[in-house]
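**Q**
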Amino acid sequence: MRVHIRPYFIILALTLFVSSACKTFEVKNVNYGQQIESVLSPNAKGEVHDSRYSLSFNILPFQYQETQDSSAVSVREVRLIRNNAGLYFITADGFSNVYVMEPINNGLKLKKKIQVSDQGLIAPAFNMRNPYIELVDKETAQTFTLNENGIHKKPEVKS
Amino acid sequence: MRVSLQYIFITFIALFVVTSTTAQQSDFEIKQEFENRYASIDSSITNADNIRKIDSVLLEIDKLALDFMNNASLLDDALYPKSYSTAIAELKENSRNAEHKLLIIENQAERLSILSNEVSQYKSEIGSLVKRSDSLRLAIANSQDSERKLSNLVADYRKSVEQRDEFIFDIVDTLFVTYKALNPNAVRELARQGNKGSISDNESPLAVISSIINQNIETLQVNDESLTTDDYLRMYALQKKVSNVWNQVGDNLVNIYGGSKKEAWKQDITADLDKWRASSSYAMWTSLGDYMEHQNVSLAAFDNNNSFFAALDSFVVSATKESGDTILKNDSYKEFKSFKEMWSAKIKNDWNKYLIEGDVLTIPQMASIDSKLNDWGDESRPISTGFLILLGFSLIVLTLLIITIIWRRTGVKE
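Structure, rendered in structure tokens:
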């Protein structure tokens, strides 16, 4: 019995070629990091718009998470920064948490809720401190070093 | 060893304090602080009104650059599309431009101060010329002297008015050259200096212009028979010139010297200029009409540039046609010669400057009359005597020739 090797070999080569062509095109090592936070004021509907990075969303769902009330906008300024991995760190005055949000199709999905205060932050601000995000409460002089998994370092209080 | 340990400890504490101070500040605040100081310096540049202020602004820029040098990289991101270095460079460039402008303004202020002194001298000079003209006019009116003496007085008076007008032409030129070139910043700065009372109301260029206009209106209202068409043409041209200059530099003058009465100055001078235009225009066109009549040039009625040109044009065209229709052209040629002489010697020579300046006749209009005048000359030129002698001689020769031929034929037949 004679085995026909050549046709099998051709079919195998074609299959390999087609499968490699269909593989998803990807670029690695993209840095999404925002070097400076965006400070956004919500309108009456709770919408914020970052004109530099062209991002818009509504703060009321975050406010509801914090206060269980989204009937009126109580947030004065929304603080937002994006880390190198592309995750958004969002907080605001009066919030007790920092929300680490992952961009999804037409939305933001909670990846981690980091509690940073019991009473609520008074004057929060984010700084990019590669590869971490630094959270400063300018009023209490507390600083937190954060990443997407939570607080990297215990809060420090500077005098 | 103990000393060096102390140094290490102090350095450590100092580093800790510095680190803790910077750690409490948000990057966003650094950006805001930079932007606020940038805006404040930028506004200081805009509002700087002398070179010393710009010098202190330059020091502030250096301090800003130094204070934020350590945050340059952060600011490069935060100020996008600007950067730390372009922002500092922009401030420096703005201050250099402001310095350049202020230097020009300070030079202009100096020049204007000199000019104001000149204007003040002009004013007293005009005053004495006006006084002299007035006293001559009075002398003429009251004169019981001989005709020869009176004619000398009239000549002196006309000369005096002419000197005054020429003087005003010069002042107006100076005002125009000086104030036309001013940019809005210079006008603002000079207005600020004017408000400090550096120039008195009576000696400001506005007062000089106002007195020039009023003196001229007075001269025209006297309706003096001593003045001739030459004088009225000059006065009309002067009025046109002052009006043109006022239209171009009036706003600057009012802004600089008007003080709290800007609108009043503007309205008064504009109203006086209208009066002057009306009286000088009436006097000039009437006098020009009388002059033409006196020269036996019968023109259709005119009282402006277009009607005057149309009247001249129509006169020359119909005279040309009449000459073409006439066989014996002696009279027609005489009329042409007389008009041509007046046109060349008086209109194009003596009056040329004021005709053009006052827009009584434009250069193209004069060229058109010139060309039609040549046609008139050609049409009116009489046949020359030499040609007539030649024609007569030819006729005699022709007659003799005919007689000879007839005589010969008669002789042959016999």
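Sequence order for the protein chains is A and B. Quick note: the first sequence uses our numbering, first residue 318, plus one each step. Quick note: the second sequence uses our numbering, first residue 87, plus one each step. Yeah, the Cβ is synthetic: ideal placement off N, Cα and C, and Gly gets one too.
Residues of the stretch 144-175 of chain B in Cβ contact with chain A at a cutoff of 7 Å, in chain order, please.
**A** Within the stretch 144-175 of chain B, the residues whose Cβ lies closer than 7 Å to some Cβ of chain A are L160, D163 and A164, listed in chain order.
**Q** How big is the Cα-Cα spacing for D259 (chain B) and K266 (chain B)?
**A** In a straight line, the C-alpha of D259 (chain B) is about 10 Å away from that of K266 (chain B).
**Q** Check for me: the alpha helix (DSSP H) holding T462 (chain A) runs from which residue to which?
**A** No alpha helix (DSSP H) holds T462 (chain A); the beta strand (DSSP E) holding it covers Q459 to N464.
**Q** Which chain B residues sit within Cβ distance under 9 Å of E354 (chain A)?
**A** S112, D113 and F114, listed in chain order.
**Q** Could you list the residues in the stretch 308-326 of chain B with a C-beta less than 8 Å from some C-beta on chain A, going in chain order?
**A** Listed in sequence order: no entries.
**Q** Label R495 (chain B) either buried or exposed according to how many other C-beta atoms from any shown protein chain fall within 10 Å of its C-beta, with 16 as the threshold for buried.
**A** Flag for R495 (chain B) reads exposed.
**Q** What residue from B:N133, B:D128 and B:R223 has the CA that sits closest to E179 (chain B)'s CA?
**A** Out of B:N133, B:D128 and B:R223, B:D128 has the C-alpha closest to the C-alpha of E179 (chain B).
**Q** Would the beta-carbon of N444 (chain A) fall within 9 Å of that of Q432 (chain A)?
**A** Cβ distance not < 9 Å, so N444 (chain A) and Q432 (chain A) don't count as in contact.
**Q** Report the three-state DSSP secondary structure of G467 (chain A) (helix, strand or coil).
**A** Three-state result, G467 (chain A): strand.
**Q** With C-beta atoms as the reference, is V263 (chain B) less than 9 Å away from T305 (chain B)?
**A** Cβ distance not < 9 Å, so V263 (chain B) and T305 (chain B) don't count as in contact.
**Q** Please report the straight-line C-alpha distance between I190 (chain B) and L268 (chain B), rounded to a whole angstrom.
**A** In a straight line, the C-alpha of I190 (chain B) is about 10 Å away from that of L268 (chain B).
**Q** Work out the CA separation of S454 (chain B) and I355 (chain B) for me, nearest whole Å.
**A** Their Cα atoms are separated by approximately 37 Å.
**Q** Applying the 10 Å Cβ sphere with the 16-neighbour rule, what's the burial state of Q385 (chain A)?
**A** It is exposed - the Cβ of Q385 (chain A) has fewer than 16 other Cβ atoms within 10 Å.
**Q** Among residues of its own chain, excluding the 5 on either side of E192 (chain B), which ones have a beta-carbon nearer than 8 Å to its beta-carbon?
**A** Only N136 and I137 meet the Cβ criterion.
**Q** Following the continuous beta strand (DSSP E) through F120 (chain B), name the residue where it begins and the one where it ends.
**A** Not the beta strand (DSSP E): F120 (chain B) falls in the alpha helix (DSSP H), residues D113 to N133.
**Q** Run down chain B in chain order and give the residues with a C-beta less than 7 Å from the C-beta of A409 (chain A).
**A** Correct list: empty, because the minimum Cβ distance to chain B is about 14 Å.
**Q** Once the 5 residues before and after L161 (chain B) are set aside, which same chain residues still bring their CB inside 8 Å of it?
**A** Excluding sequence neighbours, L161 (chain B) sits near I116, K117, F120, F154, S169, Y170 and A173.
**Q** Closest by CA to V356 (chain A), which one among A:Q436, A:A458, A:I421 and A:I398?
**A** Residue A:I398 is the option with its Cα nearest to V356 (chain A).
**Q** Can you tell me whether DSSP reads S355 (chain A) as helix, strand or coil?
**A** Strand.
**Q** What does K117 (chain B) touch in chain A if you count any residue whose Cβ is under 8 Å from its own?
**A** Neighbours of K117 (chain B) on chain A, chain order: I353.
**Q** Mind checking who D454 (chain A) pairs with in its DSSP beta bridge?
**A** Answer by DSSP bridge pairing, in chain order: A:P441 and A:Q459.
**Q** What separation, rounded to the nearest whole angstrom, lies between the Cα atoms of K407 (chain B) and W462 (chain B)?
**A** So the alpha carbons of these two residues sit roughly 8 Å apart.
**Q** Output the boundary residues of the beta strand (DSSP E) element that contains D389 (chain B).
**A** Where D389 (chain B) is concerned, there is no enclosing beta strand (DSSP E), given that its DSSP letter is neither H nor E.
**Q** Can you list, in chain order, the residues of its chain whose CB lies under 8 Å from that of N466 (chain A), leaving out five sequence neighbours each side?
**A** The residues are K429.
**Q** Using beta-carbon positions only, say whether F412 (chain A) and L438 (chain A) come within less than 9 Å of one another.
**A** Contact: yes.
**Q** Contact defined as beta carbons within less than 8 Å: I believe V392 (chain A) pairs with D367 (chain A). What is the distance between those atoms, to the nearest angstrom?
**A** Incorrect: roughly 15 Å between the Cβ atoms, too far for contact.
**Q** For the candidate residues B:K209, B:A293, B:D456 and B:Y322, whose alpha-carbon lies nearest to that of S367 (chain B)?
**A** Ranking the options by Cα distance to S367 (chain B), first place goes to B:Y322.
**Q** What residues match up with Q432 (chain A) in a beta bridge as DSSP calls it?
**A** DSSP, once it has assigned bridges, lists A:N414 as partnering Q432 (chain A).
**Q** Going by CA-CA distance only, name the one from A:T457, A:Q459, A:G363 and A:S358 that's closest to R396 (chain A).
**A** Of A:T457, A:Q459, A:G363 and A:S358, the residue nearest in Cα terms is A:S358.
**Q** Does DSSP classify E394 (chain A) as helix, strand or coil?
**A** In the structure shown, E394 (chain A) sits in coil (DSSP, three-state: anything other than H, G, I, E or B).
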